[in-house]
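*Asks:*
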Amino acid sequence: MTNELELKQWYQLLFGKIDSALLELKDYDGNYYWDSVDPNSLRYFVSNIVGTPWQNHMGLSLLSVTDRKLSPQSIYNLMSTINARLKNLFAAAELSEMVEFNYSVVEKYLTGSLMPDHTDRQRQSFLTAYGSFIFNVSKWITTQFTNEQQSYFSKFLFPKLPFDNRDFSVRTKALDVAKETRKTETSAVTPQLPEIRAESHFRWNQVHRLRKAMRDVLEKARHDRITLPLEFSYDESEYTNERWHFVLWDKESFGRYYKVGTSSENEVFLEFVRAENLDDGRPGDGLWFLEILRLRLIGIWDQEYLEDNERLKIVEYLNQWGYEDAVQGQAPFQIRNPGLLTQSVFIVRNSRKFDKLLINLEPIYVACTFARFALDIITSSGARMNELLQISYDKNCCIVTVDNSVTPPSKNYIYRLIPKGREEEENYYMPEEVYRFMSDIVNLLKESYNSSSIPEVEYSAATRKHLMSKKRYIFQYKGRHINEFTINAIIRFLLHGTIIQTSEGNQVVLKAHLLRHAFATHAVQTEKIPIDIVKSLLHQKDISVTEYYSAPTHQQISDTVG
DNA sequence: CGATATGACCTGATAGTATC
DNA sequence: GATACTATCAGGTCATATCG
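So this is what it looks like as structure tokens:
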């Protein structure tokens with residue numbers, strides 16, 4: 001018996017640290033409660049909570065919310081919120097034991113006399129999370145345990161508070177403010193939704209053509225046995241009416257020419273030389289992202305070696321595009337997937353060193369491709385981030401049905417994805433174009449994997465990960481599922497420089513969820529789709545949520561009046 | 001080795017929504 | 001309509017890779 005226990009990882013981690021009765025607690029069927037604790041939460045518990053005065057309180061709460069089947073993400077959020085706050089509170093009020101912790105401390109915090117620099121929203125979040133723990137534990141303990149157990153564990157109950165959220169109006173206030181912000185931002189994006197999609201296609205085409213031009217040159221060079229570097233230019237006439245000049249390098253030739261070395265693979269890359277207007281020969285703008293490269297904004301740009309004036313210049317530039325926290329080092333184009341956007345050490349260092357505009361095109365092309373795909377899906381279906389990420393290349397997810405009741409028969413293109421709050425797949429209808437572009441991505445992936453199939457990868461987002469198995473997710477690269485952080489970064493990259501302003505003239509920072517709001521508003525107000533249809537398109541259960549989403553924007557109201 | 005660039009993993013705030 | 005839960009989004013820190 002003891003042996004069985006000692007084999008368990010949680011037992012090894014917690015033995016001798018937390019209360020032993022709590023550690024060995026079992027349910028009616030004789031299963032240990034700690035067995036079902038989510039690994040992520042267990043890790044957090046071990047590294048952050050063990051050793052604190054509230055470790056047993058938190059442990060009991062953790063078991064209760066786990067047994068009551070809250071989602072792993074919720075549990076993690078609750079636990080980390082409360083833990084962070086208790087840490088602050090104990091330090092600020094100089095407490096050392098749980099018995100000293102009572103409602104007066106919390107009251108001081110909630111009224112702002114303790115830790116005045118915290119926001120109302122933080123105070124309110126703590127109260128909500130704390131209340132949730134108390135609620136769950138008290139409900140759980142009275143239904144699951146004998147009287148003796150109840151009285152034993154009562155010493156591990158967080159003290160009840162004589163007030164709840166209703167006593168503090170901060171929540172409603174905070175929510176109203178947030179809603180209003182969201183509303184003005186949606187208002188700015190909605191009228192531009194078609195343009196956003198068009199712009200993303202246009203820019204993707206630009207990069208696509210550049211990649212093709214580069215590959216042609218490379219092919220020719222190899223065929224004719226010409227050594228790099230090699231200058232080339234081509235005309236970008238579709239919109240820009242410019243001729244762009246580049247030099248094709250590889251690391252070896254660049255290294256020889258500039259006397260620098262590399263220990264990594266010999267890859268080709270581009271140097272952007274100049275753009276000229278085809279009519280009058282004046283300098284042109286070139287690609288939309290050149291300034292991002294010039295300022296080295298991909299990834300974490302706020303490095304220690306930056307001179308003050310360089311830093312100032314970047315902050316100003318980012319502020320101009322709506323990144324208000326730039327001064328704190330906000331990194332809008334930081335991605336969290338290798339192989340996307342990131343230019344490589346060689347490129348970045350040498351760009352800086354020789355003041356050249358060097359471009360590692362493939363990571364940019366890949367990023368733009370996924371960004372375009374994501375934008376297509378969100379702007380045509382209003383899908384959430386988590387739904388987007390679920391799209392996989394297999395017959396259970398991608399379904400095409402034929403409707404024979406009309407002539408000629410029409411096809412429906414459907415993704416089967418699990419929406420928020422549910423456990424079964426539902427239908428997401430897509431335009432045919434989305435499906436067509438998906439096969440381009442599949443080809444890109446096959447090429448990059450150098451294989452006739454694409455591999456199954458682990459689901460990346462922590463939220464709902466427990467529902468998602470390893471699959472051939474479309475949003476993947478280099479053997480990894482692309483995560484939500486990356487998606488937002490590449491969307492911002494692809495649409496960078498698109499002017500989207502609120503009525504007050506503030507530049508809006510795009511993110512996936514904002515586009516969902518814009519989609520709903522656009523569908524109801526402009527496309528005149530009935531609200532109950534929009535509700536089902538968005539996979540919402542409650543029509544009042546859809547109504548809030550799709551209420552007319554300020555812009556549309558003023559258009560009507562004007 | 002030192003400096004810079006990138007990656008992996010952890011933490012936590014805040015927005016959104018299903019449900020009571 | 002409020003609450004309780006669930007999702008999105010972002011920042012921090014430390015480890016590792018790259019190159020002089």
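Position one of the first sequence corresponds to residue 1 (full-length UniProt numbering), numbered consecutively onward. Glycine included, each C-beta is placed from N, C-alpha and C at the ideal position.
How would you label ASN404, buried or exposed, when you count the other beta carbons within 10 angstroms and need 16 or more for buried?
*Replies:* Position 404 of the first sequence, counting from 1, holds the residue named residue 404. It is exposed - the Cβ of ASN404 has fewer than 16 other Cβ atoms within 10 Å.
*Asks:* How would you label PHE354, buried or exposed, when you count the other beta carbons within 10 angstroms and need 16 or more for buried?
*Replies:* Position 354 of the first sequence, counting from 1, holds the residue named residue 354. Its Cβ having fewer than 16 others within 10 Å, PHE354 is exposed.
*Asks:* So the beta strand (DSSP E) GLU236 belongs to, where does it begin and stop?
*Replies:* Counting from 1 along the first sequence, the entry for residue 236 is found at position 236. Segment 230 to 236, the beta strand (DSSP E) holding GLU236.
*Asks:* Taking the alpha-carbon of ASN427 as reference, which of GLN124, SER151 and CYS398 has the nearest alpha-carbon?
*Replies:* Against the first sequence, residue 427 aligns to sequence position 427. It is CYS398.
*Asks:* Does PRO194 come out as helix, strand or coil in the three-state DSSP assignment?
*Replies:* The residue you call residue 194 lines up with position 194 of the first sequence. Three-state result, PRO194: helix.
*Asks:* Report the CB separation of ARG472 from ILE454 in whole angstroms; it is logged as a contact under 8 Å.
*Replies:* One-based indexing of the first sequence puts residue 472 at position 472. One-based indexing of the first sequence puts residue 454 at position 454. Indeed they touch by this definition, with Cβ atoms about 5 Å apart.
*Asks:* Taking its Cβ as the centre, do 16 or more other Cβ atoms sit within 10 Å of LEU7, making it buried, or is it exposed?
*Replies:* Locating residue 7 in the first sequence gives position 7, where the first residue counts as 1. LEU7 comes out exposed.
*Asks:* May I have the straight-line CA-CA distance separating ASP325 from LYS160, to the nearest angstrom?
*Replies:* The residue labelled residue 325 in the question sits at position 325 within the first sequence. The residue labelled residue 160 in the question sits at position 160 within the first sequence. When rounded, the distance between both Cα atoms is 38 Å.
*Asks:* Over what stretch of residues does the alpha helix (DSSP H) that includes PHE272 continue unbroken?
*Replies:* Sequence index remark: in the first sequence, residue 272 carries index 272 (1-based). No alpha helix (DSSP H) holds PHE272; the beta strand (DSSP E) holding it covers 268 to 277.
*Asks:* Considering ARG311, what are the terminal residues of the alpha helix (DSSP H) in which it resides?
*Replies:* Here residue 311 corresponds to residue number 311 of the first sequence, with the count starting at 1. Segment 308 to 320, the alpha helix (DSSP H) holding ARG311.
*Asks:* Using three-state DSSP, classify GLN507 as helix, strand or coil.
*Replies:* Counting from 1 along the first sequence, the entry for residue 507 is found at position 507. Looking at GLN507 - three-state DSSP - the assignment turns out to be strand.
*Asks:* Count the other C-beta atoms from every protein chain shown that fall within 10 angstroms of the C-beta of ALA461, then say buried if there are 16 or more, exposed otherwise.
*Replies:* As a first step, residue 461 is located in the first sequence; it is residue number 461 there, counting from the start. Buried, because 16 or more other Cβ atoms sit within 10 Å of the Cβ of ALA461.
*Asks:* Which value, in whole angstroms, describes the spacing of the CA atoms of ALA523 and ILE529?
*Replies:* Here residue 523 refers to the residue found at position 523 of the first sequence. Here residue 529 refers to the residue found at position 529 of the first sequence. Using only the alpha carbons, I get a separation of about 6 Å.
*Asks:* To the nearest angstrom, how far is it from the Cα of SER104 to the Cα of SER503?
*Replies:* Indexing the first sequence from 1 puts residue 104 at position 104. Indexing the first sequence from 1 puts residue 503 at position 503. C-alpha separation (whole angstroms): 44 Å.
*Asks:* If we require 4 or more residues per run, which alpha helix (DSSP H) segments fall completely within the segment 37 to 64?
*Replies:* The qualifying runs are 39 to 44.
*Asks:* Count the other CB atoms within 10 Å of the CB of PRO419; is the residue buried (16 or more) or exposed (fewer)?
*Replies:* For the purposes of this step, residue 419 is taken as the residue at position 419 of the first sequence. Buried, since its Cβ has 16 or more Cβ neighbours within 10 Å.
*Asks:* Between VAL247 and VAL273, how many whole angstroms is the CB-CB distance? I'm expecting something under 8 Å.
*Replies:* For the purposes of this step, residue 247 is taken as residue 247 along the first sequence, with counting starting at 1. For the purposes of this step, residue 273 is taken as residue 273 along the first sequence, with counting starting at 1. The Cβ separation is near 6 Å, so the contact holds.
*Asks:* Specify whether the segment 110 to 119 and the segment 134 to 148 touch according to this definition: at least 3 beta carbon pairs, one from each stretch, less than 8 Å apart.
*Replies:* Contact between the segment 110 to 119 and the segment 134 to 148 is absent, because fewer than three Cβ pairs lie under 8 Å.
*Asks:* Could you give the residue range of the alpha helix (DSSP H) that holds THR89?
*Replies:* Within the first sequence, numbered from 1, the residue matching residue 89 stands at position 89. Residue identity differs from the one stated: residue 89 is Leu in this sequence, not Thr. That run of the alpha helix (DSSP H) goes 72 to 92.
*Asks:* What would DSSP say about ASP285, mapped onto helix, strand or coil?
*Replies:* Within the first sequence, residue 285 is the residue found at index 285, counting from 1. The answer is coil: DSSP assigns ASP285 none of H, G, I, E or B.
*Asks:* Run through DSSP, which three-state label would VAL402 get?
*Replies:* For the purposes of this step, residue 402 is identified with residue 402 of the first sequence, where counting begins at 1. In the structure shown, VAL402 sits in a strand (DSSP, three-state: E or B).
*Asks:* Is it true that the CB of SER381 sits closer than 8 Å to the CB of residue 579?
*Replies:* Residue numbering for the chain in the displayed model covers 1 to 562; residue 579 lies beyond these limits and cannot be assessed.
*Asks:* Could you give the DSSP three-state label for TRP301: helix, strand or coil?
*Replies:* Here residue 301 refers to the residue found at position 301 when the first sequence is read from its first residue. Coil, per DSSP.
*Asks:* Taking TYR109 as part of the beta strand (DSSP E), name the residues at either end of that continuous run.
*Replies:* Locating residue 109 in the first sequence gives position 109, counting from the first residue. Here TYR109 belongs to no beta strand (DSSP E); instead the alpha helix (DSSP H) covers 103 to 111.
*Asks:* Straight-line CA distance for GLU271 to LEU218?
*Replies:* For the purposes of this step, residue 271 is identified with residue 271 of the first sequence, where counting begins at 1. For the purposes of this step, residue 218 is identified with residue 218 of the first sequence, where counting begins at 1. Going from the Cα of GLU271 to the Cα of LEU218 covers about 14 Å.
*Asks:* Whole angstroms are fine: how far does the CA of LYS478 sit from the CA of LYS69?
*Replies:* Within the first sequence, numbered from 1, the residue matching residue 69 stands at position 69. Within the first sequence, numbered from 1, the residue matching residue 478 stands at position 478. Cα-Cα distance, rounded: 34 Å.
*Asks:* Looking at the structure shown, is LYS139 part of a helix, part of a strand, or coil, going by DSSP?
*Replies:* By one-based count along the first sequence, residue 139 stands at place 139. Of the three classes helix, strand and coil, the one that applies to LYS139 here is helix, per DSSP.
*Asks:* Let me know the secondary structure DSSP gives ARG171 once reduced to three states.
*Replies:* On the first sequence, residue 171 is found 171 positions in, with the first residue counted as 1. With a pLDDT of 49 at ARG171, under the threshold of 50, the predicted position of this residue should be treated as unreliable, and no value is reported.
*Asks:* Let's test the definition: count the other Cβ atoms within 10 Å of the Cβ of ALA275 and tell me whether it reaches 16, buried, or not, exposed.
*Replies:* Along the first sequence, one-based indexing puts residue 275 at 275. Buried is the call here.
*Asks:* Compute the beta-carbon to beta-carbon distance between ILE314 and LEU341, rounded to the nearest angstrom, for a pair I have assumed lies under 8 Å.
*Replies:* The count along the first sequence starts at 1 and reaches residue 314 at position 314. The count along the first sequence starts at 1 and reaches residue 341 at position 341. At roughly 17 Å, the Cβ-Cβ gap does not stay under 8 Å, so ILE314 and LEU341 are not in contact.
*Asks:* In or out: ALA367 buried (at least 16 other Cβ within 10 Å) or exposed?
*Replies:* Taking the first residue of the first sequence as position 1, residue 367 is located at position 367. With 16 or more other Cβ atoms within 10 Å, it is buried.
*Asks:* First and last residue of the beta strand (DSSP E) that includes ASP376?
*Replies:* Taking the first sequence and counting its residues from 1, one reaches residue 376 at position 376. Note, ASP376: premise wrong, no beta strand (DSSP E); alpha helix (DSSP H) at 361 to 381.
*Asks:* Evaluate VAL534 with the Cβ neighbour count: other Cβ atoms within 10 Å of its Cβ, from every protein chain shown; 16 or more gives buried, anything less gives exposed.
*Replies:* As a first step, residue 534 is located in the first sequence; it is residue number 534 there, counting from the start. Buried: at least 16 other Cβ atoms inside 10 Å.
*Asks:* Work out the CA separation of ILE490 and ALA520 for me, nearest whole Å.
*Replies:* Taking the first sequence and counting its residues from 1, one reaches residue 520 at position 520. Taking the first sequence and counting its residues from 1, one reaches residue 490 at position 490. Approximately 22 Å, taken between the alpha carbons.
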